[in-house]
Amino acid sequence: MELATAAPNNRRWLGSAVYYVFFAVMAVLVFVPILLVLFGSFKTNAELADTSPFSWPANLLNFDNYVTAYKEGNMLRGLTNTAILVAASMAGNAVLGTMTAYIVNRFDFRLKKAILALFMLAMMIPSYTTEIARFQLIHGMNLYNTLYGPLLIYVGTDIMQIYIYTQFLRKISEQLDESAMLDGASYFRIFRSIVFPLLLPATATLAILKSVAIMNDIYVQMLYMPSKKLATLPTALMSFVGDRTSDLTALCAGIVLVLLPSALIYILFQRLIFKGLMDGAIKG
Amino acid sequence: MITKKRASSLLALALFSSVALTACGGNDKGNASSPSASPTDSAAATASASPSSSDASPSAADAEPVKLKLAIWDAKADLEYWTEKAKDYTKLKPNVTVELEKVPDNNGQYLKVRLAANDLPDLFFLKPRDFQVYKSALLPLDELEATKNNKYPTKIDGQVLGLPLVSFSEFVYFHPSIFKELNLEVPKTLPEFMALLAKIKENGKYTPLSLGAKDSWTLYPLAEFGPHMLSGDVNYLANLAKNKEPFGAGSTFDQTAKLIQEIADKKYAGPDALSLSYDQSTQQFETGKSAMIALGQWYYASYMEKVKNDDDLGAFPLPFRSTESEKLMSMTMSDMNVGISKDSKHPDEAKAFLEWMLTGDAYQAYINKVQQFSTVNGIESDLPFFRKWTQQYPFEPFVYDGTDAGYAKVKGAAQYDPALTGQDVFSGKSIEKIEKDLNAKWKKAVESNP
Amino acid sequence: MSYKLQKKVVIFSFLLVPVGLMLFFLLYPTAQLFRYSFTNWDGFSPSLKYIGFDNYTKLLFDFPDAWRAIRNNGLYFVIHTLFIPIELIAAVLLNRAMRGSGFFRFTVLMPYIINGIAVAYMFSYIYNPINGPLNESLRALGLGSWITGWLSDLGVVNYALIAVSIWRFGGVHVILMLAGLQSIPKDLYEAAEIDGASFWQQLRHITLPGIRTTMEIVLFMNVTGALLQYDIPYVMTGGGPGTASSTFGLFSLQTAFTYNNYGLASSMAVSLLILIIVFSSLQNWIIKDRSEA
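From first to last, the protein sequence lines stand for chains A, B and C.
Each residue of the first sequence is one higher than the one before, starting from 1 at the first, in full-length UniProt numbering.
Each residue of the second sequence is one higher than the one before, starting from 1 at the first, in full-length UniProt numbering.
Each residue of the third sequence is one higher than the one before, starting from 1 at the first, in full-length UniProt numbering.
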């Protein structure tokens, strides 16, 4: 009897050991590089050369590197522009995405299949390969070197989120729509007062994912907004680093400054992010 | 409601673009240029004009506000200088503002996308090799005063299309203190140079030659100019485009490649120069950890900015000759060409500004700041450092011509980048194989571009 | 307004902008891309010439550099694929309710969320030959002889870059697989338990079919991610030394802009598009549900 219970206990213990060892290793792999950069950002260049990269910085209040990165790296401007891009694309996406999903999910019409096929096709296209042709458009619309160019691209070409909205909407019963129709509500009203609000959770998660995607994109931002005034976080970091690859401590500070906003978003909204990713992953 | 507004404006934009597209469907690059001044332009122009109204000069108030754009690649000293100087120009001509624009090079992309879209800045910097790309978009500058005064105006197909701001030579910079400590002499021939590297390496205290080969372009004094210099032929590049197999054994390319290979194999540039960036290599030199660095005259200004004095700095030409009986030359080229876009809305103002850039105090202060040779007759740059060292180690200029159309075409078709090939050699790839591949590509490219 | 009319209005007005944007900003440029791929356009001249399939012939038979570049993409694909079983194990482990699982889940996804460009620079620092932490720690561990030019040695540079790619994208695969695992109803396992199914039988008949849809997504991400990989080498090595760590995407950009061959670069982009479609359909066919066949 004793043996019989001991065995599963042992196995459970072994299981947890595997579990914790596995994830401890993973946590080390994930956090150590980030910590190293963080340490480096508080050191002086002489200190970095003389001490182990794993050693604690001598002066945690040494913000010189941050001052350099902030001033010469144009980081505040970068943050502002990134924030504008993110906020505006979120809004645009939320409106257009829900509208499209509403139509695609709730209505049958001629050309529906064709339009769906177009969307499917569009999802496959690796976007940066098409930039020259797209550039002609953006330029023709006088949107070159403005925030609107990238904005239109971010809002207009994100087919994935239409797809995810449609998945969400599929799970929302049509009974609500029908009873509203019985009350004589117009389609627009149904969309505004029922569908859009019901999709808000999806909107929240998509918004976060969108902001991650925009913060990670460099190509569109480099190509359409070369002006220094329109620097975004990643492009500001790129030109900052380009000027001073030997100044490792300032480089570290620049990296931390650019990591920080996305890390904060992650910490604040991790629930939403997981939900978004996971809901998006399992089709209805 | 805001969102509804946004949606309708998007819609308007979409419709507008569809009209624009159908309008120029046939040849969409030919006339896609924007017919109207962009709203941001005029808005900025009025904004910049407002201080001028408070300006004392009454004539300026009547003049139409003009905004010029001047694009420069990532050349820090030039950007800083002209950004400041442009403000002086506005004081002179209150209706004109000149906005500086830094354009990242991005694998040679520079302004090509904007060229394709007919959206070039009014004035922009050009490297010699750029002219074949931009030539059809450039305004001829033949009748400018500045052209008549310029020593090296860039002529393409019979027309002057660019005026270089500087001309410079290539040097090997060195620390005299290290040379003294190790009892070294400035080399006069290539074998002497290699022996010098070996000697410093043997001593072990210093890296002989700093090289930031992670940034491929830093290899240009060797990889790009080596074959050219060793050939002794000023038209080397143009002739290269006519030769079907110019890279084989015995070619000057081959000689240079072996040179680079030796530097790599014997670690003359340190244990892992391919991992070092340009910035890291100059830092290594500036902090006295290495004895030499081979770069252009333009490097002097940035050395001074970091080190503040040139007490322990010397310069000699990289001696691309095997015996002292041959002439000692150093690659000398004009650069920082300024061209004016054909589509500039204010060509006369752009020309006037270019004239101004290349005359008087504006130019004198510039050429002194960047410490390079003047390209303008009658203006001499004050170069105490280079005067001193070129007197000690004199050489004749080897004038670089990188504007040949045939070379540009063949090079593009064969996808040949001397600096990248230099990296290949440095990384230990077999020279024989590199040459074989290169010759094969080159042959096809020459044949398809008669 | 009748619902019939309303329907027409609402469909038209709601779809106009999104479909318009998609047509203008995605499909029109793609169509142009196909067009350019049949020309010799240099990317800037006003004139271009149609040259039929010449670019494609060159790409297929006469362009070893491009093949070398795509071999690097292949390497990204293969190594990422080798990591999928490990990712799956991580997902299975994470699916257990353990103390600290929230934190581990947080950790696993972290690299995907934080800024990718900053991550690339972060690893540039880690690999740095002067005072770089990787070399320093190897030295501290007495493994100084392992030190190599992480980004300069031809035999190492691609693996060094792929390690960054794994670091960045491994976690999101785990989370997606976890989503799949969590979508499997618990009672299926309970029923199987009652029927006396073994662990492997459960894995074979419940778990794997249950996560098939998410695996499709992971595999699709894997293919597109590997084939489109460009920002990590772009930031960290610029494709160097020489073209050793260039990827197909990066190389096509160079073909277009450095070597003024936009036509050829367009044909490369089109091929990439086709490759992605072929590969992901192939993968989906491989993991297709054949239980009813």
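A virtual CB, placed ideally from N, CA and C, is assigned to each residue, including glycine.
I want to verify the contact list: residues of chain A whose CB lies under 9 Å from the CB of residue i, in sequence order.
i                     : result
D265 (chain B)        : Within 9 Å Cβ-Cβ: nothing; D265 (chain B) doesn't reach chain A, min ~25 Å.
residue 374 (chain C) : Not covered by the structure: residue 374 (chain C). The range shown for chain C is 1 to 293.
K186 (chain C)        : Correct list: empty, because the minimum Cβ distance to chain A is about 15 Å.
From residue i to residue j, what does the alpha carbon distance come to, in whole angstroms?
i                     : j              : result
G149 (chain A)        : S227 (chain A) : 13 Å
Y259 (chain C)        : I162 (chain A) : 38 Å
T80 (chain A)         : K229 (chain A) : 10 Å
Y268 (chain B)        : V156 (chain C) : 22 Å
residue 285 (chain A) : I34 (chain A)  : Outside the displayed span of chain A (1 to 284) sits residue 285 (chain A), for which this structure offers no information.
T403 (chain B)        : P128 (chain B) : 5 Å
Y393 (chain B)        : P319 (chain B) : 10 Å
V399 (chain B)        : S330 (chain B) : 8 Å
D361 (chain B)        : Q32 (chain C)  : 50 Å
D424 (chain B)        : L259 (chain B) : 13 Å
G242 (chain C)        : A264 (chain B) : 14 Å
W41 (chain C)         : G263 (chain C) : 5 Å
S89 (chain A)         : H346 (chain B) : 36 Å
At 9 Å on the CB atoms, spell out the chain C contacts of residue i, in chain order.
i              : result
T157 (chain A) : L21, M22, F25, L26
T207 (chain B) : What T207 (chain B) touches in chain C: nothing, since even the nearest Cβ is about 12 Å away.
Starting from the Cα of residue i, find the closest Cα among the options and give me that residue.
i              : options                        : result
V220 (chain A) : A:L259, A:T68, A:E178, A:N145  : A:N145
G132 (chain C) : A:N9, A:W13, A:I267, A:N45     : A:N45
L277 (chain A) : C:I217, C:L59, C:V278, C:G116  : C:I217
W389 (chain B) : B:S277, B:V338, B:F174         : B:F174
L139 (chain B) : B:P221, B:G212, B:D348, B:E192 : B:D348
For a test of the three-state rule: what should DSSP assign to residue i, helix, strand or coil?
i                     : result
S344 (chain B)        : coil
Y400 (chain B)        : coil
G339 (chain B)        : strand
T375 (chain B)        : coil
E131 (chain A)        : helix
T82 (chain A)         : helix
residue 294 (chain C) : Given that chain C is displayed from residue 1 to residue 293, the structure contains no residue 294 (chain C) and the question cannot be resolved.
S34 (chain B)         : No answer about S34 (chain B) holds up, because its pLDDT of 35 lies below 50 and its placement is not dependable.
L199 (chain A)        : coil
M331 (chain B)        : strand
S152 (chain C)        : coil
V66 (chain B)         : strand
N131 (chain C)        : coil
I72 (chain B)         : strand
G296 (chain B)        : strand
I211 (chain C)        : coil
L138 (chain B)        : strand
A49 (chain A)         : helix
N150 (chain B)        : strand
P164 (chain B)        : strand
L100 (chain B)        : strand
G170 (chain C)        : helix
Q415 (chain B)        : coil
Residue i versus chain A: which residues are under 7 Å apart at the beta carbon?
i              : result
I147 (chain C) : By Cβ distance, chain A contributes nothing, its closest Cβ being about 14 Å from I147 (chain C), past 7 Å.
V234 (chain B) : Residues of chain A passing the Cβ test: none, with the nearest at roughly 34 Å.
Using a 10 Å radius around the Cβ and a threshold of 16 neighbouring Cβ atoms, would you call residue i buried or exposed?
i              : result
V25 (chain A)  : exposed
H228 (chain B) : buried
M120 (chain A) : exposed
R114 (chain B) : buried
W200 (chain C) : exposed
L123 (chain B) : buried
T247 (chain C) : buried
Q6 (chain C)   : exposed
Tell me, please, whether the CB atom of residue i is closer than 7 Å to any CB atom in chain F?
i              : result
A117 (chain B) : In the structure shown, chain F does not exist; the protein chains are A, B and C.
Could you work out which residues of chain A lie near residue i, taking near to mean beta carbons separated by less than 8 Å?
i              : result
Q283 (chain B) : S246
Name, please, each residue of chain B whose Cβ falls closer than 7 Å to the Cβ of residue i.
i             : result
F61 (chain C) : Simply none; closest approach about 12 Å.
Quick one: list the residues of chain C neighbouring residue i, beta-carbon separation under 7 Å, in chain order.
i              : result
F426 (chain B) : P241
D272 (chain B) : P129, G149, S152
Which chain B residues are close to residue i, counting only those with a beta carbon under 9 Å from its beta carbon?
i              : result
N261 (chain C) : G412, A413, Q415
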